[in-house]
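Enquirer:
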Amino acid sequence: MKKININEFIDNQKFNRFHLMLLMCCIFIIIVDGYDMFMLGAILPALMEDWGMDAVTAGRLGSYALFGMMVGAMVFGPLADRFGRKNIIFTCTVIFTVFTFTSGFANGPSSFGFQRFVAGIGLGGVMPNLIALVTEYAPKKLRNTLVAIMFSGHAFGGILASLGALVLLPLFDWRAVVWVTGIPLLVMPILYKVLPESYSYYVKENKKDKLLSILNKINKQNQFSKKDEFFMNGTDNIDTSIKKLFTENRALSTLMFWVAAFVCLLVMYGLSTWLPKIMQSSGYPVGSSLLFLITLNLGAVVGSIFGGKLADRFGSRKILITFFILGFLSLTALSLRPNAVLLYILLFIAGGTTTGTQINTNSYVSQFYPSGIRSTGVGWELGVGRIGGILGPAVGGFLLSSQLPLQLNFLAFAIPCIIGAIAIWLVQEKYSQTIIGITNESFNTGELATTPERNSI
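Each residue of the sequence shown is one higher than the one before, counting from 307 in this note's numbering.
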């Protein structure tokens, strides 16, 4: 009989086929999520022309999905901690895929907006659970990097949405760009079979056979048996309530995570929704303005992965503060009307240090909380952050309708980055995860044996 700390076992693994399959499944889902989310920014000029909408109305249209995402993150994050992450991930994926596809049949802003709201519930619910699942199974030395690689698929989905608009809009209309979103439903059965369930859920449900199956897949050379005893991190494995985010001296850090997500998502969704229209109103042709959006999202992909690698080496807190400051500087510089080459460089940096910062903030949050409230912690961080995301398109629409100079449009998105840097600086890492034990007896009784606290970040 062996005594195994599950988290230490996971932490010390090398990247292998199990991690690759997990990563590929999650990347695919998050790419589809990103396409469905950022598609609106790519088709918005055509949509406004087709339905005769002004900028303020279009800005509200962009906020419907974000409001749904707030609801989805807050509801489905805690539900996954209680009922398992795998089923919630696929439920949410089907919701946002179906309702994004059907929004292509809408005949006006009201119908389109309602379907975007419902799709947003799925979009918001899937994110915290994908982050939590990758965090749970990633080796410790690669944790930030793998979460960043996975979540960078969100920005890559935005690139595909822009490319789709460039190709399909001249040939058809905006509906063709929307209808593409129905294709991923064809591969959902395969993904469901391959994607693993959370091991913490198996522990909570006393499903030792399934736990052993997962652990033996992770390392085929070191096989475990039912006689072995297991330990895992987190005293919160039974109580998954939201109040646990504020206990054990986590209250200040939880609030600061919410502030950081609020300002970051305000900038992220404000720019992704309105950048093509802002640049078009400044005299750039539609094709060039879409290229600006592609550049922004390419920067987000590179910044996410590069930031994740830096966070694994130097710590998430330092890198996030640095990225927020770089985001402020790049957006401020964009307000000064740089030449064409510098413009693309600054947009690339802005994408990497805004969307990239949010992605690595999600990874930081997922490692801050114990496994039992991990989806809850990330879900509420993203959920509260969605309020900023909701305001972002509305703020952009107001700025555009006010016909303010280009400088003020970019400065309005630059200043929140400084607030985000201060919020991350106030996070108290010393009050992160604790450790508990799971024995053969506890699998049968459902009771958890606690051991002394340990800072694991």
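Even for Gly, the Cβ is constructed at its ideal location relative to N, Cα and C.
Helix, strand or coil for Phe344? Go by DSSP, reduced to three states.
Expert: Correct three-state label for Phe344: helix.
Enquirer: Mapping the DSSP letters down to three states, classify Lys309 as helix, strand or coil.
Expert: Three-state DSSP puts Lys309 in a strand.
Enquirer: Can you tell me the Cβ-Cβ gap for Ile455 and Gly614, rounded? I've got them flagged as a contact below 8 Å.
Expert: Contact flag correct, Cβ pair sits at about 7 Å.
Enquirer: Please look up how many angstroms separate the CB atoms of Leu436 and Ile336, rounded, as I've assumed it's under 8 Å.
Expert: At roughly 6 Å, the Cβ-Cβ gap stays under 8 Å, so Leu436 and Ile336 are in contact.
Enquirer: Please state whether the Cβ-Cβ distance between Gly662 and Phe634 is less than 8 Å.
Expert: No. Outside cutoff.
Enquirer: Mapping the DSSP letters down to three states, classify Asp360 as helix, strand or coil.
Expert: Asp360: coil per DSSP, three-state reduction.
Enquirer: Could you spell out where the alpha helix (DSSP H) holding Ile665 opens and where it closes?
Expert: Taken as a continuous stretch (DSSP letters only), the alpha helix (DSSP H) holding Ile665 covers Ala646 to Phe674.
Enquirer: Hey, would you say Gly702 sits closer than 8 Å to Thr579, going by beta carbons?
Expert: Yes; because the gap between Cβ atoms is below 8 Å, this pair is in contact.
Enquirer: Would Leu448 pass as a contact of Asp618 if the rule is Cβ separation under 8 Å?
Expert: Yes; because the gap between Cβ atoms is below 8 Å, this pair is in contact.
Enquirer: Measuring CB to CB, does Ala379 end up less than 8 Å from Gly430?
Expert: Taking 8 Å as the Cβ cut-off, Ala379 and Gly430 qualify as a contacting pair.
Enquirer: Answer yes or no: do Gly459 and Gly576 have a C-beta to C-beta separation smaller than 8 Å?
Expert: Not closer than 8 Å, so no.
Enquirer: On the DSSP letters alone, give me the boundaries of the alpha helix (DSSP H) that Thr451 sits inside.
Expert: Looking at the DSSP string, the run of the alpha helix (DSSP H) that includes Thr451 is Arg449 to Leu477.
Enquirer: What is the DSSP secondary structure of Lys513, reduced to helix, strand or coil?
Expert: Of the three classes helix, strand and coil, the one that applies to Lys513 here is coil, per DSSP.
Enquirer: Going by the CB atoms, is the gap between Asn603 and Gly657 shorter than 8 Å?
Expert: Cβ atoms of Gly657 and Asn603: closer than 8 Å.
Enquirer: According to DSSP, is Val486 part of a helix, a strand, or is it coil?
Expert: Helix at Val486.
Enquirer: At 4 residues or longer, and completely inside the segment 390 to 441: list those alpha helix (DSSP H) runs for me, N to C.
Expert: Within the segment 390 to 441, the complete alpha helix (DSSP H) runs of at least 4 residues are 391 to 408.
Enquirer: Report the rounded CA-to-CA distance for Leu561 versus Lys510, giving the unit in angstroms.
Expert: Distance between the alpha carbons of Leu561 and Lys510 is about 28 Å.
Enquirer: Between the segment 401 to 415 and the segment 484 to 491, can you find at least three pairs of beta-carbon atoms closer than 8 Å?
Expert: Verdict: yes, contact present.
Enquirer: Taking C-alpha atoms, which residue in Ile627, Leu653 and Met433 lies nearest to Val733?
Expert: It is Ile627.
Enquirer: Which residues in the same chain have their Cβ closer than 8 Å to the Cβ of Ile631, if we skip the five residues on either side of it in sequence?
Expert: Closer than 8 Å at the Cβ level, and outside the excluded window around Ile631, lie Cys723, Ile724 and Ala727.
Enquirer: Could you tell me the alpha carbon to alpha carbon distance between Phe321 and Leu597, rounded to whole angstroms?
Expert: Going from the Cα of Phe321 to the Cα of Leu597 covers about 35 Å.
Enquirer: Considering only the alpha carbon of each residue, which of Tyr508, Arg366 and Ala557 lies closest to Ile696?
Expert: Ile696 has its Cα closest to that of Arg366, out of Tyr508, Arg366 and Ala557.
Enquirer: Less than 8 Å between the beta carbons of Ser504 and Glu442, yes or no?
Expert: Yes, the pair counts as a contact, with Cβ atoms nearer than the cut-off.
Enquirer: So, helix, strand or coil for Thr553, using DSSP?
Expert: Residue state, collapsed to three classes: coil.
Enquirer: Go ahead and pull the three-state DSSP assignment for Lys532.
Expert: If DSSP states are grouped into helix, strand and coil, Lys532 belongs with coil.
Enquirer: Between which two residues does the alpha helix (DSSP H) containing Val684 stretch?
Expert: Taken as a continuous stretch (DSSP letters only), the alpha helix (DSSP H) holding Val684 covers Arg680 to Ser707.
Enquirer: To which residues of the same chain is Ser707 closer than 6 Å at the C-beta, ignoring the five residues directly before and after it?
Expert: The answer, listed in chain order, is Ala361 and Val362.
Enquirer: If you check the beta carbons only, do Thr397 and Val338 fall under 8 Å apart?
Expert: Cβ distance not < 8 Å, so Thr397 and Val338 don't count as in contact.
Enquirer: Which residue wins for smallest C-alpha separation from Ala364, given the options Gly374, Leu372 and Leu353?
Expert: Of the candidates Gly374, Leu372 and Leu353, the one whose C-alpha sits nearest the C-alpha of Ala364 is Leu353.
Enquirer: Cα separation between Phe420 and Leu346?
Expert: In a straight line, the C-alpha of Phe420 is about 14 Å away from that of Leu346.
Enquirer: Specify the secondary structure class of Arg643 as computed by DSSP and reduced to three states.
Expert: Here Arg643 sits in coil by DSSP.
Enquirer: Considering Cα atoms alone, identify which of Leu350, Leu372 and Val607 is closest to Asn666.
Expert: It is Val607.
Enquirer: Let's test the definition: count the other Cβ atoms within 10 Å of the Cβ of Glu687 and tell me whether it reaches 16, buried, or not, exposed.
Expert: Buried, because 16 or more other Cβ atoms sit within 10 Å of the Cβ of Glu687.
Enquirer: Under 8 Å by Cβ, that's how I've got Leu571 and Arg692 pegged, so tell me the actual separation to the nearest angstrom.
Expert: Contact flag correct, Cβ pair sits at about 6 Å.
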